[in-house]
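In numbering that gives the first Met the number 0, the protein residues as written are 0 to 369.
Each residue gets a CB set at the ideal place from its N, CA and C atoms; glycine is no exception.
Since we're looking at a predicted model, the values are computed, not measured.
Notes to accompany the following structure.
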Amino acid sequence: MRYFLYGYYGQGNFGDDLLLHSLISGIQQRDRAAKFIVKSRGQVSWMLNLKNVHFSETDRVFESGGSRLVKGIRHLSALLRQINKADVFIIGGGSLFIDKGRCNFSLLFLWCAARFAKWRHRRVIITGVGFDILSNSFSLWLSRGIVASADFVAIRDALSLSYLEHLSLPHMCLTADLVLADPVTVSTNSGTDGRKRKVIGICLIDYFRTVDISTIRHEAYLNRVTEFFRQYQDRFDFCCLAFQEGVGQRDDWIYRELKGQFPTLSYKHFSVPGDLEFLRDEVDLVLTTRFHLGLLACMLGKPVAIISHELKLAALALDLSLPTVFMEEFIEGQGLELVETLERFDCKELANKLDRQRVRAKRNFDWLVQ
């Protein structure tokens, strides 16, 4: 079978690339002859040796010349050609369904692609996806239309289901994140016993420079992070962790601003699965604004706390009972007790919750045996 995989792939985001790997691996386990075309901005270097996987790089059309309308038409045309060559159209993993209060025009492309696939009698599969903030009425209408077009829908978390309750779709089920179905992590045996001080790994997207843009809020955010570091620098070492460097939400920007004040502050960018050994061996506690960093740290047996700014982070905290502070609360001075909470964290209970999540995650591939 030929599969066209639609997601936020090849964008320099390590979490989304892990989703892609898990999706391909899960399909190949059940369809040894599977061939894949991946909607992407670029190639993922550590997956180039995967059998029968082609990165389309169609998203680069938006970096070319021409008006937005012309580029949009080119992009949609490329999507439809690729769907026409495939047997199955898969919308896989991550939070594609999000608008943060503004119309998300990428959902219009996806709606057109899903409708075209149905018209061409291709199977439409939605698997491992989450719904985040959808407050724009057109974005919500598009999202529900896409889901209604699908032959199978696997939703990542219970909070996301609230957007779809009125649809009453017989082919919809609750699952868990795709990474849990096929983890590419390393073992949980940690080699940290030789260190004198514990290390807090902290991942901070530069939220108010890339998402909710505000100079005033950015300064307040940075001041709050600085205060947090100063409060704990006598007890812990810190390492800034990045899943996306130089593009997107820029996990590296906060590090660059803090480095001048904290010269001993270290930094680690994750770009290949082998980098997870650093998380296993060099980090003891994790404070994160990244969903997949939080999930992977949990899978490696690390105590994790969440700074929540998206619905998916709230869902992760709810599913795994992780200590959480919301972004606005963090800026206002709350959350200082998170480190003390992490030191008392029950990792055994976390392991039990993850086992239940792994069972649910396998349902992401039920469509392959239907």
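In whole angstroms, give me the CA-to-CA distance for residue i and residue j.
i: ALA396; j: SER76; result: The structure shown does not extend to residue 396, since the chain is modelled only from 0 through 369, so no value can be given for it.
i: GLU371; j: GLU244; result: In the structure as shown, the chain begins at 0 and stops at 369. Residue 371 is therefore absent and cannot be evaluated.
i: ARG353; j: LYS301; result: Residue identity check: residue 353 is Leu in the sequence provided, not Arg. Computed Cα separation, rounded: 12 Å.
i: ARG196; j: ARG234; result: 7 Å
i: ILE306; j: SER138; result: 26 Å
i: GLU164; j: GLY129; result: 14 Å
i: MET46; j: MET298; result: 22 Å
i: LEU221; j: VAL87; result: 45 Å
i: TYR231; j: GLU348; result: 27 Å
i: VAL198; j: CYS238; result: 7 Å
i: ARG223; j: ILE23; result: 41 Å
i: ILE36; j: SER55; result: 6 Å
i: LEU337; j: LEU264; result: 20 Å
i: LYS99; j: SER66; result: 25 Å
i: VAL368; j: ASN135; result: 36 Å
i: ALA180; j: HIS74; result: 31 Å
i: SER21; j: ASN48; result: 15 Å
i: SER213; j: ARG249; result: 16 Å
i: TYR254; j: LEU294; result: 22 Å
i: SER44; j: MET0; result: 24 Å
i: MET326; j: LEU319; result: 19 Å
i: PHE227; j: PHE329; result: 10 Å
i: PHE207; j: ARG216; result: 6 Å
i: ARG155; j: LEU173; result: 6 Å
i: LEU158; j: ALA360; result: 16 Å
i: GLY71; j: VAL210; result: 22 Å
i: ARG29; j: TRP366; result: 11 Å
i: PHE61; j: PHE108; result: 13 Å
i: TYR266; j: GLY200; result: 9 Å
i: SER63; j: PHE104; result: 18 Å
i: GLU331; j: ARG229; result: 16 Å
i: VAL69; j: GLN42; result: 24 Å
i: ASN351; j: LEU160; result: 24 Å
i: ALA296; j: CYS102; result: 33 Å
i: ARG31; j: LYS50; result: 10 Å
i: LEU317; j: ASP345; result: 15 Å
i: ALA175; j: GLU281; result: 28 Å
i: ARG279; j: ARG362; result: 28 Å
i: THR225; j: LEU240; result: 16 Å
i: ASP16; j: ARG355; result: 24 Å
Within the present structure, is the beta-carbon of residue i separated from the nearest heavy atom of the ligand COA by less than 6 Å?
i: ARG196; result: Absent from the structure shown: the ligand COA. Ligands present: none.
Since residue i and residue j are thought to touch, with beta carbons under 8 Å apart, how far apart are those beta carbons, to the nearest angstrom?
i: TYR2; j: LYS34; result: 7 Å
i: ARG289; j: CYS202; result: 5 Å
i: GLY93; j: TYR7; result: 5 Å
i: GLY14; j: HIS291; result: 3 Å
i: GLY25; j: PHE364; result: 5 Å
i: LEU177; j: GLY259; result: No, LEU177 and GLY259 are not in contact; Cβ-Cβ is about 39 Å, not under 8 Å.
i: TRP252; j: ASP205; result: 4 Å
Please work out which residues of its chain come closer than 6 Å, Cβ to Cβ, to residue i, disregarding the five sequence neighbours upstream and downstream, and give them in chain order.
i: ILE125; result: ILE90, ALA149 and VAL152
i: GLY334; result: VAL324
i: VAL52; result: PHE35
i: ALA453; result: Nothing can be reported for residue 453: it is not among the residues displayed for the chain, which extend from 0 to 369.
i: GLN10; result: ARG40
i: LEU19; result: TYR8
i: ARG357; result: LEU179
i: TRP110; result: LEU141, GLY144 and ILE145
i: VAL271; result: TRP45
Cutting at 7 Å between CB atoms, please list the residues of its own chain near residue i, excluding the five before and the five after it.
i: PHE373; result: Here the chain has residues from 0 to 369 only, and residue 373 is not among them.
i: ASN12; result: PHE242, GLN243 and GLY247
i: VAL123; result: PHE88, ALA113, ALA116, LYS117, SER148, ALA149 and ASP150
i: GLN27; result: ALA33
Go through its chain and collect everything with a Cβ distance to residue i's Cβ below 8 Å, but skip five positions before and after it.
i: SER142; result: PHE96, LEU106, PHE130, LEU133 and TYR162
i: THR57; result: LYS38, SER39, HIS74, ALA77, LEU78 and GLN81
i: PHE261; result: PHE228, GLN232 and PHE237
I'd like to know whether the C-beta of residue i is nearer than 7 Å to at least one C-beta of chain D.
i: VAL198; result: Among the chains of the structure shown, chain D does not appear; only one protein chain is present.
- Item | Continuous alpha helix (DSSP H) assignments of at least 4 residues falling wholly in the region 109 to 193 | 136 to 148 and 157 to 160
- Answer yes if the region 127 to 147 comes into contact with the region 156 to 169, meaning at least three C-beta pairs across the two stretches below 8 Å, and no otherwise. yes
- Query: At which residue ranges does the region 63 to 106 contain complete beta strand (DSSP E) runs of 3 or more residues, listed in the order of the chain?
  - Reply: 87 to 96
- the region 313 to 320 touching the region 272 to 280, judged by at least three CB pairs closer than 8 Å: no
- Item | Minimum length 4: unbroken alpha helix (DSSP H) runs contained in the region 244 to 273 | 250 to 258
- Assess, as a yes-or-no matter, whether the region 332 to 343 is touched by the region 283 to 293 under the definition of 3 or more beta carbon pairs within less than 8 Å. yes
- Three or more C-beta pairs below 8 Å linking the region 66 to 84 and the region 116 to 125: yes
- Report the residue ranges of all beta strand (DSSP E) runs contained in full by the region 277 to 324; include only those spanning at least 3 residues, in chain order. 284 to 287 and 303 to 307
- Query: Along the chain, which unbroken stretches of the alpha helix (DSSP H) at least 4 residues long are found entirely within the region 330 to 357?
  - Reply: 337 to 342
- Query: Taking the runs of the alpha helix (DSSP H) that are 4 residues or longer, which of them lie wholly in the region 187 to 236?
  - Reply: 206 to 209 and 214 to 231
- Item | Every unbroken beta strand (DSSP E) within the region 8 to 44, with a cutoff of 3 residues, ordered by chain | 34 to 39
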